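Residue numbers (mature numbering (1 follows the signal peptide of the UniProt record, and there is no 0)): -21 to -1, 1 to 162.
From the three backbone atoms N, C-alpha and C, an ideal C-beta is built for every residue, glycine too.
No experiment lies behind these values; they were computed from the predicted model shown.
Working notes, structure below.
Here it is, written out as structure tokens:
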């Protein structure tokens, strides 16, 4: 019984870090590189992939989003510090606004492999895996604070910062990247 309870805990915690939009879709653990080598054997298989948006094309009844694929981390976010695996195309029956789904934004999608689609990259025509989306998650853009990247230093850098005290950048001793004695 102990083994079964451990197995249940592991299975429940496996998807705990994923956003709810893509967590609730049952998928098989098939990587982009596995599927792209033999796409016909994985047709109609549910997968979860992600990457960076390259292009958005809105047609009359659907939207195509071309993605530069990256492996996903534990939370389902594309790992941009790893090497890219290639490209794939998401097909959504919904209208996806190109202003929202803009170039260079990170995205994770859960969907079904439908085969491949022909795309032109530069002057070369290539065949890319086509993924019919069931759930899409657009990752928020993290913006670091322009003042040390953490803490609060008020408007324009002036004010109280719990780490550095009062003054510009939180310190009365800060001067152009260096600290100096206060005179």
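Taking the beta carbon of residue 107 as the centre, do at least 16 other beta carbons fall within 10 Å, making it buried, or is it exposed?
Along the chain shown, read from residue 1 onward, the residue named residue 107 stands at position 128. Residue 107 counts as buried, since no fewer than 16 other beta carbons sit within 10 angstroms of its beta carbon.
DSSP-derived helix/strand/coil call for residue 4:
Locating residue 4 in the chain shown gives position 25, counting from the first residue. The DSSP-derived three-state label of residue 4 is coil.
Flag residue 66 as yes if its beta-carbon sits less than 8 Å from any beta-carbon of chain D, otherwise no.
The structure shown contains no chain D; it is built from a single protein chain.
Tell me the rounded alpha-carbon separation between residue 205 and residue 87.
For residue 205 there is no data in the structure shown, the boundaries of the chain being -21 and 162.
According to DSSP, is residue 19 part of a helix, a strand, or is it coil?
The sequence position of residue 19 within the chain shown is 40, counting from 1. Assignment of residue 19 by DSSP, reduced to helix, strand and coil, places it in the helix class.
Helix, strand or coil: which one does DSSP assign to residue 39?
Numbered from 1 along the chain shown, position 60 holds the residue referred to as residue 39. DSSP places residue 39 in coil when its eight states are reduced to three.
Please list the terminal residues of the continuous beta strand (DSSP E) segment that includes residue 108.
Within the chain shown, the letter at position 129 stands for residue 108. From DSSP, the beta strand (DSSP E) with residue 108 extends over 103 to 117.
Quick check: what's the CA-CA separation for residue 110 versus residue 119?
Your numbering for residue 110 matches position 131 in the chain shown. Your numbering for residue 119 matches position 140 in the chain shown. Roughly 22 Å separates the two Cα atoms.
Contact belief for residue 44 with residue 75 at Cβ below 8 Å, rounded distance in angstroms
Looking up residue 44 in the chain shown gives position 65. Looking up residue 75 in the chain shown gives position 96. With a Cβ gap of about 7 Å, residue 44 and residue 75 count as contacting.
Which residue spans inside the region 44 to 91 form an unbroken beta strand (DSSP E) run of at least 3?
Taking only runs of at least 3 residues, the beta strand (DSSP E) segments lying wholly in the region 44 to 91 are 65 to 71.
Between the alpha carbons of residue 22 and residue 78, how many angstroms are there, rounded?
Looking up residue 22 in the chain shown gives position 43. Looking up residue 78 in the chain shown gives position 99. Taking the straight line joining both Cα atoms gives about 31 Å.
DSSP has residue 25 in a bridge; who is on the other side?
Working through the chain shown from its first residue, we reach residue 25 at position 46. Per DSSP, the beta bridge partners of residue 25 are 91.
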